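Asker:
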Amino acid sequence: MTHWKQRLALSALLVVCGAVEGRFLYTSLTPLFQAVPRIPGVIDPENLALGQVKDFAKQGGIKEGDTLLAVNGVPIHSAFDAAHEFFAKPGGTHAQFTVRTGLGPPRTADLVTPIQTMTEFGDFAFTLGLNIILPILCIGLGFLVAFRRPSDPTALAILWLLLSLAFMQRSNGYERYSWGVWMSGPAVFLDVFSNAWPAAWCAVALLFPDGHWRRGPLSWISLAAILIYTPHDAARAVLVAGMFADPRVWAILEPLEHLPKALTQSWHFALIGLGLLSFLLKFRTETHPAARRRMRWMLAGLMLGIVPNTALMVSAVLLKRDLNDYPVWLLMPGVLAPIFIPLTLAYSMLVDRLFDLGVVFRQGLLASRTVTALRLLVNAILLWIAFSSHGWMVTLLCLAGIVAVSYGTDHVRAWVDRRFFREAVNAEQVLIELSHQVRRITDPQKLLEIVQDRIQSTLHVTHIEMLPAGGYQGFSDLILPLTTPDQDYGALRLGPKLSEEPYSRRDLQLLESVASQTALALDVTRLTATVASETAQRERLNNELEIASQVQQRLFPKRAPQIQGLDLAGCCVPAQSVGGDYYDFLTTPGGAVGLAIGDVAGKGVPAALLMAGLQASLRGLILGGVTDLRELMAKLNVLVYDSSPANRFATFFYGLYDPASSALRYSCAGHNPCLLLRASGEHHWLRTPGVGLGMTRRARYEQAQVDLQPGDLLLLYTDGVTEARDPQGEEFGEIRLLAALGGAPAAGAQAAADHLLASVKAFAAGAPQHDDITLIVARRG
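Numbering (this note's numbering), first residue to last: 89 to 869.
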């Protein structure tokens with residue numbers, strides 16, 4: 089189902105939910121502005137017997153267990169009829185109830201129904217929190233998540249859970265059956281959501297946060313429990329509603345009633361327990377930082393939403409007190425606490441970059457300082473006007489308060505960081521912020537000062553210093569070498585943390601990423617300095633361009649990595665001494681190999697600088713743990729857009745090959761399609777939609793996958809191959825490319841690459857080369 093069809097179905101469901109919720113809101117708010125009649129008792133839809141008879145009804149002669157025969161002279165055949173007739177009359181008027189005790193004669197009780205008003209604060213608080221704010225939030229945020237991600241099963245499961253929470257708190261009284269068919273039907277339909285909330289919770293726990301459930305015994309058991317519980321409960325909700333309209337439906341419902349009650353309850357609690365166990369196990373094994381942050385937010389929201397309300401209810405039962413007896417300051421947090429559930433669920437799904445809980449608290453300190461300072465300033469102005477004779481004293485006191493708050497909060501925040509939130513900024517955020525800064529700095533000394541200051545302020549180390557190249561052996565402190573394959577820039581020496589705790593694995597991953605990014609940035613700054621020197625000294629232009637070309641060539645991989653079952657080869661033939669094409673092989677910690685190829689718009693030194701920055705950003709993100717190709721391409725796009733002029737962009741293709749499964753995941757940013765030549769002779773052009781990197785800041789990219797079979801040949805290339813021209817100006821083209829690759833020898837990837845280059849050179853027949861020729865060949869063994 090395409091996105092527009094999914095959104096159309098969601099829109100239809102939204103209309104139903106909105107209509108029913110509007111009617112529920114009207115019912116909930118009616119006691120606030122008009123009198124509402126009270127029902128004399130609970131009507132058993134099976135036999136129309138009255139139970140839980142109110143005092144005013146008993147005084148009118150109605151007894152417990154009486155059978156209701158008519159209301160206001162209208163015969164009653166179902167609970168639906170009774171509700172419709174009763175609520176059609178305003179409160180405070182006479183209502184005649186014809187009842188019968190046992191097999192005795194019918195009798196009529198003439199009652200004046202008292203008015204139901206909302207006078208107690210507890211009633212008002214529960215109506216406001218659970219019947220108004222929570223349902224609106226759940227419905228609104230649930231559909232917002234679903235519309236933003238209509239193809240994500242996690243978003244649909246969250247919509248199911250939030251609708252369950254929205255309608256679970258609704259009264260199951262008879263008012264809804266006085267709405268008429270058009271409103272009662274949807275209300276009954278939404279009962280399915282409210283009754284199946286344990287199944288919805290279990291589904292969210294299985295799918296959150298990435299939409300994939302881990303196959304295993306626990307997952308299969310949870311899925312079986314959902315499939316058993318949901319149809320049973322949905323059928324029961326529909327049949328109960330039908331029984332209100334016609335008591336004969338009880339004959340259908342009765343077999344469900346004979347199921348052991350313990351079995352039904354066991355499904356209920358099993359789904360809750362299985363969901364919680366699945367979530368905790370997934371959280372324990374999850375390694376991706378972004379996924380763990382989302383799971384922490386979800387867990388925090390559930391705890392904040394459930395624990396205060398549950399504690400309030402349990403205390404009322406244990407202390408045998410009415411909730412209206414509780415003070416306002418104690419009652420309101422418990423009533424409004426469930427609001428945290430939809431808020432945190434929506435936040436964890438909709439926000440692309442989440443902060444840890446500690447970071448949010450830390451930023452709150454900064455916000456509180458600003459708000460407090462402004463409040464004191466406004467109070468000073470108001471008090472000056474109100475008490476003009478002593479206004480100068482009040483103003484001085486408020487100004488002193490502003491100074492104390494402004495300077496004192498910094499010390500409080502620093503103390504809180506040292507004591508509680510030493511990892512106040514997550515590793516990914518540090519890496520991205522650092523990438524933004526280092527790409528704009530051409531002074532190596534200033535670059536190193538920024539890196540040292542950022543590390544020290546983030547991890548709160550006692551000291552950090554820069555050691556020269558080759559002079560950092562023999563130290564017991566943590567050493568971070570700043571090296572590239574061909575250059576040693578020295579190392580950063582880090583002392584212990586202020587907390588005297590050891591560096592965690594997360595700390596080490598962050599520091600290794602920052603060190604690698606810094607070393608690559610130093611390479612870029614060295615290239616920039618070289619180009620600047622060329623501009624100032626035109627007599628040394630050729631020599632300096634040669635140096636820049638050598639630096640660029642050192643950025644290319646010297647040799648292809650050795651991957652079991654995959655033979656790799658790559659080469660770049662620039663049209664000028666400094667080109668804008670780029671290719672790379674990147675080995676991930678999990679054993680996969682990344683194949684990257686790109687083409688920067690333009691030629692010469694500006695294109696080479698953008699290419700070097702692209703390589704540094706890609707390696708930094710890979711070392712930072714980004715594995716999802718859509719996320720990787722989106723972040724690369726932002727980095728290129730922010731660091732390059734408006735007329736600069738780069739086409740890019742990235743594939744990630746997993747030797748264990750022989751699967752190739754790939755994503756394309758406006759680049760030439762990758763050519764896959766099967767051993768059987770079939771060929772496929774591999775591409776995904778997406779514009780070039782740096783063309784627009786808000787771009788979306790897709791990911792696809794293909795399996796490589798033994799004997800398959802994979803070609804990544806730039807347009808310098810297909811746009812090579814002969815002396816008559818005719819292009820080499822994709823047809824000749826396919827023919828040349830098909831005639832390549834089967835000796836290996838390097839032989840195929842040499843054969844393709846020779847074919848292009850023979851076709852050009854000495855014509856000038858106008859563009860860089862870059863390619864990567866991979867042959868599956």
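Yeah, the Cβ is synthetic: ideal placement off N, Cα and C, and Gly gets one too. Treat the numbers as computed from the prediction; the structure is a model and nothing was measured.
Rounded to whole angstroms, what is the Cα-Cα separation between Leu433 and Ile394?
Answerer: Counting from one through the sequence shown, the residue named residue 433 turns up at place 345. Counting from one through the sequence shown, the residue named residue 394 turns up at place 306. Approximately 14 Å between the Cα atoms of the pair.
Asker: Between Arg753 and Leu744, is the Cβ-Cβ spacing less than 7 Å?
Answerer: To locate residue 753, count along the sequence shown from 1; it is residue 665. To locate residue 744, count along the sequence shown from 1; it is residue 656. It is a contact, given that the beta carbons lie within the stated cut-off.
Asker: Work out the CA separation of Pro426 and Leu222 for me, nearest whole Å.
Answerer: By one-based count along the sequence shown, residue 222 stands at place 134. By one-based count along the sequence shown, residue 426 stands at place 338. Their backbone Cα atoms lie some 7 Å apart in a straight line.
Asker: Could you check what DSSP says for Met554 in three-state terms: helix, strand or coil?
Answerer: Taking the sequence shown and counting its residues from 1, the one referred to as residue 554 is at position 466. Of the three classes helix, strand and coil, the one that applies to Met554 here is strand, per DSSP.
Asker: Do you know how far the Cα of Glu822 is from the Cα of Leu829?
Answerer: On the sequence shown, position 741 is the one that residue 829 refers to. On the sequence shown, position 734 is the one that residue 822 refers to. Straight-line Cα distance between these residues: approximately 10 Å.
Asker: Quick test of your reading: Ala767 and Gln793, contact by CB under 8 Å. State the CB separation rounded to the nearest angstrom.
Answerer: Counted from its first residue, the sequence shown places residue 767 at position 679. Counted from its first residue, the sequence shown places residue 793 at position 705. That pair is no contact at about 19 Å.
Asker: If we count the other Cβ atoms within 10 Å of its Cβ and call it buried at 16 or more, is Phe185 buried or exposed?
Answerer: Counting from 1 along the sequence shown, the entry for residue 185 is found at position 97. Label assigned to Phe185: buried.
Asker: Measure the beta-carbon distance from Gly129 to Ala107 and round it to whole angstroms, keeping in mind my assumption that it falls under 8 Å.
Answerer: In the sequence shown, counting from the first residue as 1, residue 129 sits at position 41. In the sequence shown, counting from the first residue as 1, residue 107 sits at position 19. So it is not a contact: roughly 30 Å between Cβ atoms.
Asker: Does the beta-carbon of Pro662 have 16 or more other beta-carbons within 10 angstroms, so that it is buried, or is it exposed?
Answerer: Position 574 of the sequence shown, counted from the first residue, corresponds to residue 662. That one is buried.
Asker: Beta strand (DSSP E) containing Tyr805: first to last residue?
Answerer: For the purposes of this step, residue 805 is identified with residue 717 of the sequence shown, where counting begins at 1. That run of the beta strand (DSSP E) goes 801-805.
Asker: Of the choices Gly782, Pro556, Cys756, whose alpha-carbon is the least far from that of Ala684?
Answerer: In the sequence shown, counting from the first residue as 1, residue 684 sits at position 596. Considering only alpha carbons, the answer is Cys756.
Asker: So who's on the other strand from Ala170, going by DSSP bridges?
Answerer: As a working mapping, residue 170 is identified with position 82 in the sequence shown. Beta-bridge pairing links Ala170 to no other residue.
Asker: Along the beta strand (DSSP E) that carries Ser755, what are the first and last residues, could you check?
Answerer: Here residue 755 is taken as the residue at index 667 of the sequence shown, counted from 1. Segment 751-757, the beta strand (DSSP E) holding Ser755.
Asker: May I have the straight-line CA-CA distance separating Gly869 from Leu608, to the nearest angstrom?
Answerer: To locate residue 869, count along the sequence shown from 1; it is residue 781. To locate residue 608, count along the sequence shown from 1; it is residue 520. Using only the alpha carbons, I get a separation of about 33 Å.
Asker: Which same chain residues, not among the five before or five after Arg786, have their C-beta less than 7 Å away from its C-beta?
Answerer: Walking along the sequence shown from the start, residue 786 turns up at place 698. The answer is none, since no qualifying residue turns up.
Asker: Is the beta carbon of Leu599 closer than 7 Å to that of Leu568?
Answerer: As a working note, residue 568 is residue 480 in the sequence shown. As a working note, residue 599 is residue 511 in the sequence shown. Cβ atoms of Leu568 and Leu599: closer than 7 Å.
Asker: For Arg867, which residues does DSSP report across the bridge?
Answerer: Sequence index remark: in the sequence shown, residue 867 carries index 779 (1-based). DSSP output for Arg867 lists Asp655, Leu801 as bridge partner(s).
Asker: For Thr571, which beta-bridge partners are listed by DSSP?
Answerer: To locate residue 571, count along the sequence shown from 1; it is residue 483. Beta-bridge pairing links Thr571 to Asp576.
Asker: Just confirm the distance between the C-beta atoms of Ala696 and Gly668, as a whole number of angstroms; I'd bet it's less than 8 Å.
Answerer: Taking the first residue of the sequence shown as position 1, residue 696 is located at position 608. Taking the first residue of the sequence shown as position 1, residue 668 is located at position 580. Correct: roughly 6 Å between the Cβ atoms.
Asker: Can you give me the start and stop residues for the beta strand (DSSP E) that Gly186 sits inside?
Answerer: By one-based count along the sequence shown, residue 186 stands at place 98. It should be pointed out that residue 186 corresponds to Thr in this sequence rather than to Gly. First-last of the beta strand (DSSP E) with Thr186: 182-188.
Asker: For Leu801, which residues of its own chain have a beta-carbon under 6 Å away from its beta-carbon, when the five flanking residues on both sides are left out?
Answerer: Within the sequence shown, residue 801 is the residue found at index 713, counting from 1. Only Leu765, Arg867 meet the Cβ criterion.
Asker: Take Ala197 as the anchor and find which of Asn160, Gly228, Ala170 has the nearest alpha-carbon.
Answerer: What you label residue 197 is simply residue 109 of the sequence shown in a count that begins at 1. Comparing Cα positions, the closest option is Asn160.
Asker: May I have a chain-ordered list of the alpha helix (DSSP H) segments no shorter than 4 residues that lie completely inside the region 354-416?
Answerer: Complete alpha helix (DSSP H) runs here, min 4: 377-407.
Asker: Quickly, what does DSSP pair Lys93 with across the bridge? List them, please.
Answerer: Taking the sequence shown and counting its residues from 1, one reaches residue 93 at position 5. Lys93 is not bridged to any residue.
Asker: Check whether the region 642-656 and the region 708-724 are in contact - that is, three or more C-beta pairs closer than 8 Å.
Answerer: Counting Cβ pairs under 8 Å, fewer than three are found: no touch.
Asker: Residues in the same chain with beta-carbon distance under 8 Å from Arg95, minus the five sequence neighbours each way, listed in chain order, please.
Answerer: Here the question's residue 95 lines up with position 7 in the sequence shown. Hits under 8 Å: Phe235, Pro238.
Asker: In terms of residues, what are the limits of the alpha helix (DSSP H) holding Arg824?
Answerer: Position 736 of the sequence shown, counted from the start, is the residue given in the question as residue 824. Taken as a continuous stretch (DSSP letters only), the alpha helix (DSSP H) holding Arg824 covers 821-830.
Asker: Can you tell me the Cα-Cα spacing of Gly780 and Gly708, whole angstroms?
Answerer: Here residue 780 refers to the residue found at position 692 of the sequence shown. Here residue 708 refers to the residue found at position 620 of the sequence shown. Between Gly780 and Gly708, the C-alpha separation is close to 20 Å.
Asker: The alpha helix (DSSP H) with Gly682 in it runs from where to where?
Answerer: On the sequence shown, residue 682 is found 594 positions in, with the first residue counted as 1. No alpha helix (DSSP H) contains Gly682, which is instead part of the beta strand (DSSP E) from 681-688.
Asker: Could you tell me which residues DSSP puts in a beta bridge with Arg195?
Answerer: As a first step, residue 195 is located in the sequence shown; it is residue number 107 there, counting from the start. BP columns for Arg195 point to Val187.
Asker: How about the region 733-752 and the region 686-694: do they share at least three Cβ pairs that are nearer than 8 Å?
Answerer: As far as the Cβ criterion goes, the region 733-752 touches the region 686-694, which means the pair count is three or higher.
Asker: State the DSSP-derived secondary structure class of Ala137, mapped to helix, strand or coil.
Answerer: The residue you call residue 137 lines up with position 49 of the sequence shown. Residue state, collapsed to three classes: strand.
Asker: Kindly identify the DSSP beta-bridge partner or partners of Gly743.
Answerer: Translated into positions along the sequence shown, residue 743 becomes position 655. DSSP, once it has assigned bridges, lists Leu683, Tyr754 as partnering Gly743.
Asker: Buried or exposed for Met89, please, with buried defined as at least 16 other CB atoms from any protein chain shown within 10 angstroms of its CB.
Answerer: Walking along the sequence shown from the start, residue 89 turns up at place 1. Residue confidence is low: Met89 scores 49 on pLDDT, short of 50, so the model does not pin down where it sits. No coordinate-derived value is stated.
Asker: Taking 7 Å as the limit between beta carbons, can you name the residues of its chain near Val41, skipping five residues before and five after?
Answerer: This structure gives no information on residue 41, because the portion of the chain shown stretches from 89 to 869.
Asker: What number of angstroms, rounded off, separates the C-alpha of Phe112 from the C-alpha of Ala704?
Answerer: In the sequence shown, counting from the first residue as 1, residue 112 sits at position 24. In the sequence shown, counting from the first residue as 1, residue 704 sits at position 616. Roughly 57 Å separates the two Cα atoms.
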